[in-house]
Amino acid sequence: MNSSIIVFSEEPKRIIYPLSFAYLLKSKLGENLVAITLDSEIKDEIINKGIDELVLIKKRALLDQYTTILKDEITNKNIKYIIGSSSNNDNDIISRIAAYLNIPLFTDVYQIEINNENLILTRKVFGGKAVSKISINKEEQIALTVSAKKLDIELKSKTKIRYIEELPVSNVTFEKVEKKALSGVDISQAEIVIGVGRGFKQKEDLKLAEELASLINAQIGCSRPVAADYKWLPEDRWIGISGKIIKPNLYFAIGISGAPQHIGGIQDSKIIVALDKEKSASIFNYADYCIVADLYQFLPVLINKIKERKTK
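Below you can see the structure in the form of structure tokens.
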């Protein structure tokens with residue numbers, strides 16, 4: 228029986244990231260590739276492009292239901308690698324499958340190299356402050372989740388499509404359902420992002436950042452406290468290891484001190500500009516341009532200068 232690579236994401240638009248790494252492994256090792264995700268228009272983008280079998284789930288499910296589906300799919304298959312994205316839900320589901328199979332799990336992998344008989348996995352650790360390289364035998368069965376990084380690899384294949392119509396029974400009991408506040412904007416795809424933090428004294432003051440964003444065609448993101456604690460912005464604007472991983476051409480952090488979990492979400496940005504009134508703010512250690520100033524004094528001046536330039 229040929230060995231297989233299983234790729235899964237409960238969010239269809241995120242499956243392109245683990246697929247990219249699976250394409251690399253398939254191109255070098257010749258494994259069978261099976262992708263599993265929710266049925267959506269994404270199938271038109273990935274069909275016949277390296278995937279041997281595409282399993283589409285017709286209804287959105289709960290985490291334990293996705294886990295059961297994956298368990299059913301891997302039963303009686305010779306699985307070599309199981310790959311998911313680094314979203315919170317995918318990390319949860321893939322870790323359950325790794326425990327079920329009793330195999331090693333490596334999270335937030337952003338680079339895979341094949342060196343003779345070994346795979347070299349590179350991942351960020353300690354909130355992005357260090358890099359870990361792990362060498363494992365390429366024949367070893369492993370599970371991994373990968374960062375939001377699309378590799379430039381194209382493959383051709385004839386894809387067989389199969390649908391899962393009915394969901395397995397869930398063990399979850401509902402007590403209440405609360406709708407999660409979302410902005411409808413995917414900041415991980417933005418070319419310019421302005422991040423706002425606790426340097427802003429109140430929610431109304433975010434209008435300064437919003438005005439600047441409108442002038443430079445940027446999207447607004449935030450640090451964890453702004454979304455999780457203060458509830459000033461929806462959680463899909465939260466930047467960091469536990470939120471969105473971004474890699475814009477320009478990231479402008481305003482009033483953000485630079486906690487490790489936030490740095491882990493921005494360090495792939497091409498240019499980082501940081502504005503904070505504290506000289507010792509740790510974000511300055513990662514910024515290309517550092518501005519030590521009070522945001523309430525600096526931003527109005529910057530906004531006016533940009534407006535003057537636009538009117539000339």
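Numbering of the sequence shown is given in this note's numbering, commencing with residue 228 and proceeding in unit increments.
Glycine included, C-beta positions come from ideal geometry on N, C-alpha and C.
Computed from a prediction, not measured in an experiment: that's the story for all the values here.
Taking only three categories from DSSP, how would you classify LEU371?
Position 144 of the sequence shown holds residue 371. In this structure, LEU371 counts as strand in the three-state DSSP scheme.
How do the segment 273 to 283 and the segment 329 to 339 stand: do at least 3 beta-carbon pairs fall below 8 Å, yes or no?
The segment 273 to 283, when compared against the segment 329 to 339, does not touch it at the 8 Å Cβ threshold.
Considering only their Cβ atoms, is the gap separating ILE296 from PRO452 smaller than 9 Å?
For this step, residue 452 is matched to residue 225 along the sequence shown. For this step, residue 296 is matched to residue 69 along the sequence shown. No, Cβ-Cβ distance for PRO452 and ILE296 is not below 9 Å.
Between the C-alpha atoms of ASN345 and ASN364, what's the straight-line distance to the nearest angstrom?
Along the sequence shown, read from residue 1 onward, the residue named residue 345 stands at position 118. Along the sequence shown, read from residue 1 onward, the residue named residue 364 stands at position 137. When rounded, the distance between both Cα atoms is 4 Å.
What's the call for THR372, buried or exposed, on a 16-neighbour Cβ count within 10 Å?
In the sequence shown, residue 372 corresponds to position 145, counting from 1. Burial call: buried.
Span separating the alpha-carbon of LEU168 from that of GLY311:
A question about residue 168 goes unanswered here, because the residues of the chain that appear run from 228 up to 539.
Do LYS504 and VAL519 count as a contact pair if the criterion is CB distance below 9 Å?
Working through the sequence shown from its first residue, we reach residue 519 at position 292. Working through the sequence shown from its first residue, we reach residue 504 at position 277. Their beta carbons are under 9 Å apart, which means VAL519 touches LYS504 by this criterion.
Helix, strand or coil: how does DSSP classify ILE483 here?
The residue you call residue 483 lines up with position 256 of the sequence shown. ILE483: coil per DSSP, three-state reduction.
Expected contact under 8 Å - CB spacing of GLY448 and ILE472 to nearest Å
Position 221 of the sequence shown, counted from the start, is the residue given in the question as residue 448. Position 245 of the sequence shown, counted from the start, is the residue given in the question as residue 472. At roughly 11 Å, the Cβ-Cβ gap does not stay under 8 Å, so GLY448 and ILE472 are not in contact.
For ALA440, which residues of its own chain have a beta-carbon under 6 Å away from its beta-carbon, when the five flanking residues on both sides are left out?
In the sequence shown, the residue the question calls residue 440 occupies position 213. Hits under 6 Å: ILE421 and ILE447.
Within 10 angstroms of its Cβ, does PRO527 collect 16 or more other Cβ (buried), or is it exposed?
The residue given as residue 527 occupies position 300 in the sequence shown. Looking at its Cβ environment, which holds fewer than 16 other Cβ atoms inside 10 Å, PRO527 is exposed.
Rank SER231, ASP521 and ILE466 by C-alpha distance to the C-alpha of SER213 and give the top, closest one.
This structure does not reach residue 213, given that the chain is present from 228 up to 539, and the question cannot be answered.
Counting only the same chain and skipping the five closest in sequence on each side, list residues whose C-beta sits under 7 Å from that of PHE525.
On the sequence shown, position 298 is the one that residue 525 refers to. Once the five neighbours on either side are set aside, the close Cβ partners of PHE525 are LEU502 and ILE518.
Same chain, Cβ closer than 8 Å to LYS537, five either side skipped, listed in chain order
Here residue 537 refers to the residue found at position 310 when the sequence shown is read from its first residue. Excluding positions up to five away in sequence, the list reads LEU442.
Kindly list the residues whose CB is nearer than 7 Å to the CB of ARG323, restricted to its own chain and excluding five residues on each side of it in sequence; keep chain order.
Position 96 of the sequence shown, counting from 1, holds the residue named residue 323. Excluding positions up to five away in sequence, the list reads THR294.
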